[in-house]
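Structure, as structure tokens:
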Amino acid sequence: EDVVLVGRAAHVAAIHPASLDVQRLLGGFRATPRADERLSSRPEVALLTVKTQDVAAALRDNLAFLDGVPIVVLQNGLAGEDLAAGVVPRSQIVSGIVSLHAQYLVPGHVVLMQSEGLTIGRPDGPADETVEGIRRVLDKAVPTTTCDNMRGARWTKLVVNLNNVLPALTGASFRDVYADRFLRRLALGLMREGIAVAERSGIRFEPLPGTPVPVVRLVRYLPAALAGGVAARKAAKLETHWPLRGSTWQSVTRMRPTEIDYLNGEIVRAGRQAGVPTPLNETVVALMRRVEDERRFLAPREVEESLAKASLPGPVRRALGWRGSAQS
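In my numbering, the protein residues as written are 15 to 342.
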């Protein structure tokens, strides 16, 4: 396929004289696609891969060559499609979910840790011929499946992504996060709040590659130690060669704005609409903004002390391992 990369100046400049360097577990490779800061011709399909807060600007900057083009919206969270629909007709939008672990810290260089695949479909209905045609193309590079319940699939990915904030707050890898007793309990609490909001909102979770629905639902009932042990083993398997810290940590490291408002912040907003309290997600959103402002990671005990000072209900405090109204 004829692929054109459209990106920021530093990334484009790094690719032009040399190539795009991709590292992966079973050997890397160098790719030499064309790279530009703007589209200069009309593509058959466009993959929108910016962070959620940059969706509208990226589309507006390239709008001259996107008339009638199917646009695969690949953002985390729930808002990407609506933001895109504010710039282009909703009929052009194909919803996409990325199930892979990759790292981009240096222009022209990407590390692909694991690729379980892509899921695509229409935002509000069954997959059609356009979606299937895009699936056939993308499947040449990454295992790609179609889905008729992309809303449920987005919620599945969102609940799993709620723990992205913990490496971003502390600088620790997921393996180290799950090895810490308090952070392990906090991770479970963040996901439980997300699941409660989804269920109150009438969401039907959809399986994703590597994330079956029963595993998501088990989070509601598994003891913290057992759930943390399962998560730690999965993280350790993924961190054989590279520490896994997630996309939010990468934004902090590159000193770019994070997607926190569209991850944990999305749960806070949806929780208010559904009448479900989300004090843990609300608190970590505030802590993430502090990390962005101060440009430094917090020690795990700083995170714990901040949560201890927050106005958390008794059951939430006990779930974090504290007794009564004060940290023990």
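Backbone N, C-alpha and C fix where the C-beta goes; we use that ideal spot for every residue, glycine too. In this text, all values refer to a predicted model and were calculated from it rather than measured experimentally.
Report the rounded CA-to-CA distance for residue i versus residue j, giving the unit in angstroms.
i    : j    : result
R234 : G285 : 17 Å
D153 : S109 : 16 Å
G222 : V83  : A small correction: the amino acid at residue 222 is Leu; Gly does not occupy that position in the sequence shown. Each residue's Cα considered, the two are about 26 Å apart.
R38  : P237 : 35 Å
I134 : R195 : 37 Å
P121 : G328 : 47 Å
E280 : G260 : 18 Å
P47  : V330 : 50 Å
E146 : D162 : 12 Å
R315 : A245 : 21 Å
L202 : E58  : 42 Å
F311 : L119 : 17 Å
V266 : R309 : 8 Å
D35  : E306 : 29 Å
R43  : Q89  : Reading off the sequence, residue 43 comes out as Phe, not Arg. Straight-line Cα distance between these residues: approximately 25 Å.
L277 : L40  : 31 Å
S339 : L19  : With a pLDDT of 47 at S339, under the threshold of 50, the modelled position of this residue cannot be trusted, and the question is left open.
T144 : F188 : 37 Å
G208 : P31  : 45 Å
A212 : P271 : 26 Å
N175 : V227 : 15 Å
A49  : L62  : 15 Å
R168 : A24  : 31 Å
A72  : R104 : 16 Å
A324 : P181 : 20 Å
R218 : A210 : 12 Å
V191 : R247 : 12 Å
D275 : G91  : 9 Å
L294 : L326 : 8 Å
L77  : I148 : 20 Å
L9   : V17  : Residue 9 lies beyond the residue range present for the chain, which begins at 15 and ends at 342; the question has no answer from this structure.
To which residues does DSSP link residue i through a beta bridge?
i    : result
V120 : H123
I111 : T133
G50  : What sits at residue 50 in the sequence shown is Asp, not Gly. Beta-bridge pairing links D50 to V20.
A45  : L34
Q128 : H115
I85  : A60 and I107
T225 : L222
T159 : T133
Where does residue i fall in DSSP's three states?
i    : result
G242 : helix
R38  : strand
F311 : coil
I281 : helix
F219 : coil
V102 : coil
L294 : helix
A93  : coil
T272 : coil
D190 : helix
Q341 : Only weak support exists for where Q341 lies, its pLDDT of 41 falling under 50; the value from the coordinates is given anyway. Three-state DSSP puts Q341 in coil, outside helix and strand.
N175 : helix
L326 : coil
L204 : helix
H25  : helix
K248 : helix
S55  : coil
R165 : helix
Quick one: residues in its chain with C-beta nearer than 6 Å to the C-beta of residue i, no 5 flanking neighbours on either side, listed in chain order?
i    : result
L97  : V69 and A70
L334 : R199
K65  : E273
R214 : A288 and V290
M205 : V173, L176 and V233
W263 : P181 and A182
Given residue i, which residues of its chain have a CB within under 8 Å of its CB, disregarding the five upstream and five downstream residues?
i    : result
S54  : F79
R283 : none
D75  : R52
V156 : L114, S129, G131 and L132
L183 : V298, L301, M302, V305, F311, L312 and V317
Grab me the residues of residue i's own chain with a C-beta within less than 7 Å of its C-beta, minus the 5 sequence neighbours each way, in chain order.
i    : result
A399 : Residue 399 falls outside the range modelled here, since the chain spans only 15 to 342, and no answer is possible.
A241 : L202 and V233
G94  : T66, V69 and V87
So, do the region 138-147 and the region 228-242 have three or more beta carbon pairs nearer to each other than 8 Å? no
Using a Cβ distance threshold of 8 Å, determine whether the region 125-134 contacts the region 99-116, with at least three qualifying pairs required. Touching, per the Cβ criterion.
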